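Below you'll find the structure, written out as structure tokens, and then a few comments.
Residue numbers (the numbering used here), protein chains in the order written: chain A, 27 to 296; chain R, 450 to 605; chain F, 251 to 631.
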């Protein structure tokens with residue numbers, strides 16, 4: 027339960043309440059070796075640890091990258107950290123996105139809000155082995171245009187062979203893209219016409235509704251993966267808080283197949 | 450250049466209709482094009498003409514003082530723009546604006562309402578299709594209302 | 251290792267056990283009376299044991315009653331378990347300075363020295379519970395070195411139950427009443443009008459054998475061994491409760507929306523007593539605490555309970571806000587999901603949760619009601 031110090035090297039504000047931090051171990055150029063979808067327990071100063079997904083490139087181990095949304099005391103302290111400050115890191119923990127299992131298929135990544143951050147390493151991993159996949163599609167929904175993350179990445183990924191569809195819940199007149207919920211993108215992206223595996227990340231309602239809509243378009247439950255969230259405190263399967271039915275999210279997730287998890291997410295207040 | 454009823458037959462909304470019914474509907478419609486920025490529907494105006502998008506995108510908007518135009522949904526190919534023509538008082542509730550050059554089928558609402566009155570079987574078929582469309586859009590709207598990406602709401 | 255039950259220690263020689271343990275530097279922890287209950291605390295001699303006392307237990311009921319003999323171990327289990335020695339109720343993990351820029355300075359972990367405790371009076375259900383906790387804390391991908399340190403060096407002297415309590419159901423859970431392994435020494439107390447008051451001793455390890463070598467033991471006569479076995483059988487026949495564990499996991503998985511949960515929720519206070527007294531509940535919470543100047547930070551770990559409203563908190567609120575969902579979580583974890591998570595049931599049938607529930611909710615009764623609601627065997631309560 028002791029974190030290792032990682033020093034903030036650079037910091038970028040993405041939206042009004044979201045920052046991306048790049049960290050590395052003190053006196054070195056090393057980040058963390060991790061698999062896409064894994065998270066660390068991150069703490070700034072004395073404000074306590076929170077589980078944050080790693081949002082960096084899994085093939086680049088020189089920097090640990092975290093995209094953090096400031097929603098409470100601990101995340102505010104992390105987002106307020108300046109270059110030179112050391113944060114405490116434990117991890118990486120958790121099961122990863124099944125990028126190998128989905129080889130040979132078309133892949134659709136569905137990201138809702140900050141959910142694009144945990145998917146980013148998987149998207150980069152898919153692009154690194156582009157030839158092993160069929161169509162690559164990203165459906166990304168955010169609240170408003172100013173809450174969209176990683177605009178430069180979206181453009182790059184589009185150029186590298188990802189079909190990128192973005193939508194917002196509402197917008198002003200400057201936005202010329204789609205407006206409406208993410209499920210409305212599924213038909214437009216022609217998901218029914220491929221043989222798709224899927225990776226979903228976002229608020230639980232969004233994942234449930236999107237999984238259902240993808241299933242309607244023929245995506246099989248065994249090829250559909252979601253990233254679940256529960257109250258993770260220790261990250262190592264000891265504290266009990268992250269239980270989701272018969273699983274511990276820190277150990278058996280956060281990535282689950284929909285086939286395995288669906289039954290438990292359908293029970294209210296489980 | 451295909452006949453309009455052949456075009457309509459391929460639209461998912463109209464699939465399953467008989468040829469005679471498609472012909473009746475086509476009789477109320479004609480192809481048209483609009484440029485980017487064109488305002489197709491204006492809030493409060495009589496719902497005389499509604500549209501089927503063949504190509505292009507339309508945004509549904511609400512105008513609010515101080516906020517300009519708030520975009521709440523965008524529609525694309527094979528989608529119908531406007532339902533208020535089906536139900537009294539036959540007035541548009543929203544603005545609809547073309548985001549890019551669009552190819553549309555414009556339907557005379559009064560014409561189609563008249564035909565639906567005369568031929569109840571046609572009327573029933575239209576109702577079933579638009580109801581299905583409405584349910585799907587209602588679900589999506591409800592989901593949108595939850596504002597799931599918002600800050601610290603009870604969204605589980 | 252000597253053959254089972256082959257030696258006898260007379261009651262008047264019982265303190266020689268304490269002497270042998272003290273000689274080897276052990277601190278003996280065992281049952282003693284405090285606040286009108288039998289708790290586990292440091293004890294020095296047989297005088298500290300609850301001689302002549304027994305406990306009367308039922309749903310929401312615990313009383314100490316005088317026995318008509320001087321048995322040293324003539325009771326079952328009290329509100330505490332040995333859990334506090336494996337997993338302390340509260341401890342500091344580390345402390346560190348906080349730099350002005352918010353960085354955490356060098357972290358000084360609190361050392362956990364290997365234990366020199368001798369546990370005297372561990373019941374079979376408690377042995378099982380210790381094994382279950384070991385599986386949770388040591389058997390995963392991140393074994394806790396502090397717990398390892400606490401377990402190594404503990405000397406376990408089991409006491410085989412000679413009677414079962416009003417809320418006991420270890421027989422149903424396959425965890426007792428007689429322990430076969432997991433101890434260094436095991437004692438069966440016999441009070442016999444003919445041959446007096448003695449203990450039949452089983453040895454379970456080399457460490458135990460070494461202790462025995464210092465005690466004035468005599469070879470057990472067959473009639474003494476029979477008396478010990480009779481005591482075991484008596485306990486097995488007296489179980490106050492019963493739990494049908496057949497297909498129990500899937501039974502509960504099928505019944506997550508059973509109306510019985512609403513019914514129990516009307517009674518449950520979500521006080522969490524059951525989680526505190528349960529010998530296998532292991533949930534903990536971690537808190538970082540700074541001093542007022544913001545110059546030092548400490549990380550503390552303490553017991554937590556799934557009955558608290560914050561337990562399942564995520565952005566937006568708690569997943570389990572209703573009492574119904576929290577009771578369901580506790581019971582299905584104990585009897586069902588624990589099996590999928592850790593490979594065994596989480597319940598050892600000690601009955602503490604029944605005894606110490608202020609409103610007497612009975613886990614065996616709840617399970618029976620759910621099973622009955624499927625139209626199977628067992629009368630609804």
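Even glycine gets a Cβ: it sits at the ideal position worked out from N, Cα and C. These numbers come from a predicted model, not from an experiment.
Proximity winner among the options, relative to residue i (alpha-carbon distances)
i	options	result
residue 194 (chain A)	A:280, A:215, A:170	A:170
residue 496 (chain F)	F:256, F:595, F:490	F:595
residue 478 (chain F)	F:530, F:436, F:369, F:512	F:436
residue 287 (chain F)	F:540, F:311, F:582	F:311
residue 261 (chain F)	F:447, F:429, F:432	F:447
residue 493 (chain F)	F:546, F:388, F:325, F:614	F:614
residue 561 (chain F)	F:582, F:548, F:410, F:533	F:533
residue 267 (chain A)	F:461, F:557, F:429	F:557
Beta-carbon separation (whole angstroms), residue i vs residue j, contact threshold 8 Å
i	j	result
residue 309 (chain F)	residue 620 (chain F)	Contact flag wrong, Cβ pair sits at about 17 Å.
residue 121 (chain A)	residue 281 (chain A)	5 Å
residue 515 (chain F)	residue 577 (chain F)	6 Å
residue 277 (chain F)	residue 291 (chain F)	Wrong, their Cβ atoms sit about 11 Å apart, outside the cutoff.
residue 34 (chain A)	residue 589 (chain R)	Contact flag wrong, Cβ pair sits at about 40 Å.
Backbone CA spacing between residue i and residue j [nearest angstrom]
i	j	result
residue 565 (chain F)	residue 97 (chain A)	8 Å
residue 551 (chain F)	residue 383 (chain F)	17 Å
residue 466 (chain F)	residue 600 (chain F)	33 Å
residue 555 (chain F)	residue 530 (chain F)	12 Å
residue 486 (chain F)	residue 541 (chain F)	54 Å
residue 173 (chain A)	residue 192 (chain A)	12 Å
residue 304 (chain F)	residue 317 (chain F)	6 Å
residue 205 (chain A)	residue 500 (chain R)	19 Å
residue 497 (chain R)	residue 596 (chain R)	33 Å
residue 161 (chain A)	residue 225 (chain A)	14 Å
residue 503 (chain F)	residue 385 (chain F)	23 Å
residue 616 (chain F)	residue 291 (chain A)	24 Å
residue 306 (chain A)	residue 544 (chain F)	This structure cannot settle anything about residue 306 (chain A), because the visible part of chain A is limited to 27 through 296.
residue 87 (chain A)	residue 116 (chain A)	16 Å
residue 367 (chain F)	residue 373 (chain F)	16 Å
residue 511 (chain R)	residue 66 (chain A)	43 Å
residue 602 (chain F)	residue 323 (chain F)	17 Å
residue 43 (chain A)	residue 313 (chain F)	57 Å
residue 549 (chain R)	residue 483 (chain R)	8 Å
residue 32 (chain A)	residue 546 (chain F)	19 Å
residue 456 (chain R)	residue 554 (chain R)	10 Å
residue 529 (chain R)	residue 567 (chain R)	23 Å
residue 459 (chain R)	residue 238 (chain A)	26 Å
residue 370 (chain F)	residue 273 (chain F)	16 Å
residue 464 (chain F)	residue 407 (chain F)	15 Å
residue 605 (chain R)	residue 255 (chain A)	Summary for residue 605 (chain R): the model assigns pLDDT 32, below 50, so the residue's position carries little reliability; its value from the coordinates is reported in the next sentence. Roughly 11 Å separates the two Cα atoms.
residue 239 (chain F)	residue 433 (chain F)	No answer is possible for residue 239 (chain F): it lies beyond the span of chain F, which begins at 251 and ends at 631.
residue 607 (chain F)	residue 513 (chain F)	16 Å
Where the beta strand (DSSP E) containing residue i begins and where it ends
i	result
residue 512 (chain R)	507 to 513
residue 410 (chain F)	405 to 410
residue 503 (chain R)	498 to 504
residue 576 (chain F)	Not the beta strand (DSSP E): residue 576 (chain F) falls in the alpha helix (DSSP H), residues 573 to 582.
residue 358 (chain F)	354 to 359
residue 617 (chain F)	It is not in any beta strand (DSSP E) - residue 617 (chain F) instead sits in the alpha helix (DSSP H) that spans 613 to 622.
residue 77 (chain A)	75 to 79
residue 336 (chain F)	No beta strand (DSSP E) holds residue 336 (chain F); the alpha helix (DSSP H) holding it covers 333 to 336.
Where the alpha helix (DSSP H) through residue i begins and ends
i	result
residue 268 (chain F)	265 to 273
residue 287 (chain F)	Here residue 287 (chain F) belongs to no alpha helix (DSSP H); instead the beta strand (DSSP E) covers 287 to 292.
residue 590 (chain F)	588 to 592
residue 486 (chain F)	472 to 487
residue 562 (chain R)	558 to 567
Chain B contact for residue i (CB, 8 Å cutoff)
i	result
residue 462 (chain R)	In summary, chain B is missing from the structure at hand, where the protein chains are A, R and F.
* At a Cβ cut of 7 Å, what residues of the region 111 to 134 of chain A count as close to chain F, listed as they run along the chain? -> Among the residues of the region 111 to 134 of chain A, those with a Cβ less than 7 Å away from any Cβ of chain F are 111, 112, 114, in the order of the chain.
* To do: Output, in sequence order along the chain, the residues in the region 328 to 339 of chain F whose CB is closer than 7 Å to any CB in chain A.
  => Listed by position, the residues of the region 328 to 339 of chain F near chain A (Cβ gap below 7 Å) amount to none.
* Quick one: which residues of the region 241 to 272 of chain A get their C-beta closer than 7 Å to a C-beta of chain F? List them in chain order. => Hits within the stretch, in order: 255, 256, 257, 259, 260, 262, 263, 264, 265, 266, 267, 269, 271, 272.
* To do: For the region 179 to 205 of chain A, enumerate the residues whose C-beta is nearer than 9 Å to any C-beta of chain R, in chain order.
  => With the criterion set as a beta carbon lying under 9 Å from some beta carbon of chain R, the members of the region 179 to 205 of chain A are 193, 194, 195, 196, 197, 198, 199, 201, 202, 203, 204, 205, in sequence order.
* To do: Mind checking the region 203 to 236 of chain A against chain R and listing, in chain order, the residues whose C-beta falls within less than 8 Å of any C-beta there?
  => Sequence-ordered contacts of the region 203 to 236 of chain A with chain R read 203, 204, 205, 206, 207, 209, 210, 214, 228, 229, 230, 231, 232, 235 [C-beta pairs closer than 8 Å].
* Within 7 Å of chain R by C-beta, residues of the region 93 to 108 of chain A in sequence order -> Listed by position along the chain: 97.
* To do: Note down, in chain order, all residues in the region 562 to 589 of chain F with a beta-carbon under 9 Å from any beta-carbon belonging to chain A.
  => From the region 562 to 589 of chain F, only 562, 563, 564, 565, 566, 568, 569, 570, 571, 572, 574, 575, 576, 578, 579, 582, 583, 586, 587, 588, 589 have a Cβ closer than 9 Å to chain A.
* To do: Check each residue of the region 146 to 157 of chain A: if its Cβ is closer than 9 Å to any Cβ of chain F, include it; give the result in chain order.
  => For the region 146 to 157 of chain A, no residue has a beta-carbon sitting nearer than 9 Å to a beta-carbon of chain F.
* Asked: Between the region 507 to 523 of chain R and chain A, which residues of the former have a C-beta closer than 9 Å to a C-beta of the latter?
  -> Residues 508, 509, 510, 516, 517, 518, 519, 520, 521, 522, 523.
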